[in-house]
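Q: In full-length UniProt numbering, the protein residues as written are 1 to 537. Ideal Cβ positions, reconstructed from N, Cα and C, are used throughout, including at glycine. Before I ask anything, let me first share the structure, which is written out below as structure tokens.
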């Protein structure tokens with residue numbers, strides 16, 4: 001039976017050991033494979049040099065302690081006790097050195113992973129003394145991929161707070177791949193609607209370099225949307241980082257962050273990884289912006305040409321938008337019905353849209369959407385004078401950014417407006433009017449062709465008590481009564497009864513007939529001419 005037949009080695013081990021215990025050493029030697037078992041048999045036969053060589057020749061850590069003890073045992077049996085003691089001490093020192101080096105190397109790897117290279121210095125000194133070259137090779141291997149980063153970013157790459165936040169700095173190859181995935185101008189990415197003055201800024205992203213990946217809040221569509229963003233640097237603006245939340249968001253809407261570790265962690269806090277469900281209610285959104293945008297056009301996602309905006313065409317824009325969630329709700333809902341909704345795939349989104357749709361007859365036709373990042377609510381309302389964009393939001397964590405955008409593009413949006421809200425309304429920047437602008441433009445000598453401004457003002461104030469006071473301050477030549485009738489301002493209309501002889505008839509037979517109990521004054525005049533009395537009960 002050949003000795004190197006691996007299929008029979010275990011059986012031969014046991015037979016050889018059994019024969020050795022029975023003092024059948026010659027037979028055991030014939031069966032024993034060339035291993036420590038054969039070495040034991042040779043030592044029992046007095047052939048110590050051969051046997052000890054076989055016991056010591058076993059490689060690796062397999063049964064290392066046991067083999068060392070057996071080696072020492074047979075040295076003592078051979079009368080070489082001093083050599084046995086020295087061998088044990090030498091092996092103990094080797095093992096201690098090897099184990100210490102491995103343990104210190106593990107500590108070096110851990111400190112490099114968490115970004116604290118200052119903690120590896122004492123370990124490297126010991127490793128260099130015990131095992132020259134191993135420590136420096138490990139450090140070079142872990143830091144070589146970051147050599148392309150500027151010095152201040154290499155420092156950030158080793159910061160433990162950023163590592164715990166989930167910031168992972170890219171190698172040069174990974175950075176190039178991220179840059180290639182970025183959608184650059186001159187064409188606007190799908191779902192992005194810039195104003196006319198913003199088209200030239202769509203190519204700003206070509207000047208930025210991606211340096212890190214960071215985990216951010218997941219969208220409702222947990223199976224269809226990623227939850228990673230990218231940090232970019234600009235070669236001409238050291239000390240700053242820009243957060244790209246989506247490759248389709250133009251660079252001028254990237255939040256600007258400090259490169260100081262503590263400030264960077266604070267700047268990333270609003271985008272911490274969490275599900276988008278359980279978004280704030282309307283009552284928890286203290287700021288409100290209302291803009292009258294008239295009858296705008298939006299690009300079709302199918303062929304790119306402009307088409308008149310309505311709830312359907314804007315809904316298609318929302319599906320593609322990097323700023324909005326595609327799941328909306330109609331004016332029949334006073335609150336977001338999808339607050340706790342998470343899209344698990346399948347038909348979930350379709351059912352959610354169907355259950356939340358529908359318009360109330362007591363309110364203007366409207367559809368609302370959540371923004372992806374600030375969790376604001378953007379509503380598109382349809383009025384007689386055109387569409388109104390209503391934005392309810394919490395103050396932006398980057399207020400100075402909108403100030404710079406206003407200066408660059410000539411817009412006049414609130415400084416605390418979140419950037420994703422700016423990304424939605426920027427398409428209407430050429431045609432939008434605010435309450436203050438419309439109120440200032442309405443004068444007693446307003447031309448008849450501009451009477452739409454009064455309707456636009458009423459559209460912005462239709463759910464506010466301020467509308468009554470605004471209408472009361474206008475002269476009758478501007479027909480505020482007609483606007484009041486459209487928006488059901490019954491209090492204002494009752495106050496104008498004395499100055500409008502036919503208004504009570506309009507109210508009696510109009511939408512307020514059930515609330516009015518007045519007769520037609522012209523019937524009284526006719527009855528008086530005939531000399532008949534009329535009961536005006």
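What are the boundary residues of the alpha helix (DSSP H) that residue 316 is part of?
A: 311-320
Q: Determine the contact status of residue 331 and residue 360, defining contact as a CB-CB distance below 8 angstroms.
A: yes
Q: What does the alpha-carbon distance come out to for the pair residue 534 and residue 485?
A: Note on residue 534: pLDDT 44, under 50, position unreliable in the model; no value is reported.
Q: Could you say which of 454, 449, 162 and 161 lies nearest to residue 434 if we only look at CA atoms?
A: Among 454, 449, 162 and 161, the Cα nearest to that of residue 434 is on 454.
Q: Spell out a yes or no on whether the region 428-445 and the region 290-299 are touching, meaning 3 or more CB-CB pairs, one atom from each, closer than 8 angstroms.
A: yes
Q: At 3 residues or longer, what runs of the beta strand (DSSP E) sit wholly inside the region 380-407?
A: 386-393
Q: So what does residue 237 bridge to, in DSSP terms?
A: According to DSSP, residue 237 bridges with nothing at all.
Q: What number of angstroms, rounded off, separates the C-alpha of residue 234 from the C-alpha of residue 317?
A: 31 angstroms
Q: Go ahead and label residue 426 buried or exposed: buried means 16 or more other beta carbons lie within 10 angstroms of its beta carbon, across all protein chains shown.
A: buried
Q: Can you list, in chain order, the residues of its chain whose CB lies under 7 angstroms from that of residue 289, leaving out five sequence neighbours each side?
A: Short of 7 angstroms from the beta carbon of residue 289, and not among the five residues preceding or following it, lie these beta carbons of its own chain, in chain order: 391, 414 and 417.
Q: Around the C-beta of residue 306, are 16 or more other C-beta atoms found within 10 angstroms, so that it is buried, or is it exposed?
A: exposed
Q: So, for residue 311: in the same chain, excluding its five sequence neighbours on each side, which residues have a beta-carbon less than 6 angstroms away from its beta-carbon?
A: 367
Q: Report the three-state DSSP secondary structure of residue 418 (helix, strand or coil).
A: Looking at residue 418 - three-state DSSP - the assignment turns out to be coil, as it is neither helix nor strand.
Q: I need the boundaries of the beta strand (DSSP E) containing residue 368, first residue and last residue.
A: 366-371
Q: From what residue to what residue does the beta strand (DSSP E) around residue 160 run?
A: Careful: residue 160 lies outside any beta strand (DSSP E), inside the alpha helix (DSSP H) at 160-165.
Q: Can you round the beta-carbon distance between residue 420 and residue 373 to whole angstroms, since I take them to be within the 8 angstroms contact cut?
A: 5 angstroms
Q: How far does the alpha helix (DSSP H) with residue 211 in it extend, from its first residue to its last?
A: Residue 211 -> not in any alpha helix (DSSP H); beta strand (DSSP E) instead, spanning 209-215.
Q: Once the 5 residues before and after residue 403 are set aside, which same chain residues still bring their CB inside 7 angstroms of it?
A: 415
Q: Name the two residues that bound the continuous alpha helix (DSSP H) containing residue 494.
A: 490-495
Q: Looking only at its own chain, which residues have a Cβ that is under 8 angstroms from the Cβ of residue 252, when we skip the five neighbours before and after it?
A: Contacts found: 198, 201, 204, 405 and 408.
Q: Can you tell me where the beta strand (DSSP E) with residue 330 in it begins and where it stops?
A: 324-330
Q: Do the region 378-385 and the region 453-470 make contact, defined as three or more Cβ pairs closer than 8 angstroms?
A: Flag = yes, the region 378-385 and the region 453-470 touch.
Q: Evaluate contact between the region 351-360 and the region 255-266, counting only Cβ atoms and requiring at least three cross-stretch pairs below 8 angstroms.
A: no
Q: Looking only at C-alpha atoms, which of 369, 443 and 287 sits nearest to residue 323?
A: The candidate whose alpha carbon is nearest that of residue 323 is 369.
Q: Give me the Cα-Cα distance between residue 240 and residue 256, rounded to the nearest whole angstrom.
A: Cα to Cα, residue 240 sits roughly 7 angstroms from residue 256.
Q: Could you check the C-alpha separation between residue 523 and residue 487 for me, to the nearest Å?
A: Confidence is the limiting factor: at residue 523 the pLDDT is only 48, short of 50, which leaves the residue's position unreliable and the question unanswerable from this model.
Q: Could you pull out every unbroken alpha helix (DSSP H) segment of at least 4 residues lying fully inside the region 329-359, listed in chain order?
A: 348-356
Q: Which residues in the same chain as residue 81 place their Cβ atom closer than 8 angstroms to its Cβ, once the five residues preceding and following it in sequence are excluded?
A: 75
Q: Within its chain, find whatever has a CB closer than 6 angstroms to the CB of residue 68; leave out the 5 residues flanking it on each side and keep chain order.
A: Shown here for residue 68: same chain residues with a beta carbon closer than 6 angstroms to its own, the five before and five after excluded, namely 91 in chain order.
Q: Using only CA atoms, which one of 70, 264, 228 and 196 lies nearest to residue 410?
A: Minimum Cα-Cα distance from residue 410 among the listed residues 70, 264, 228 and 196 corresponds to 196.
Q: Our contact map puts residue 165 next to residue 268 with C-beta atoms below 8 angstroms; I'd like the distance itself, whole angstroms only.
A: For residue 165 against residue 268, the beta-carbon gap comes to about 6 angstroms, under 8 angstroms, which counts as contact.
Q: What residue does the alpha helix (DSSP H) around residue 480 start on, and which one ends it?
A: Residue 480 -> alpha helix (DSSP H) spans 480-486.
Q: Rounded to whole angstroms, what is the Cα-Cα separation between residue 190 and residue 339?
A: Approximately 26 angstroms, taken between the alpha carbons.
Q: How long is the line joining the alpha carbons of residue 473 and residue 440, rounded to whole angstroms?
A: Between residue 473 and residue 440, the C-alpha separation is close to 13 angstroms.
Q: Please list, in chain order, all residues of the same chain as residue 444 whose beta carbon is under 6 angstroms from its beta carbon, the five residues on each side excluded.
A: Correct list, in chain order: 475.
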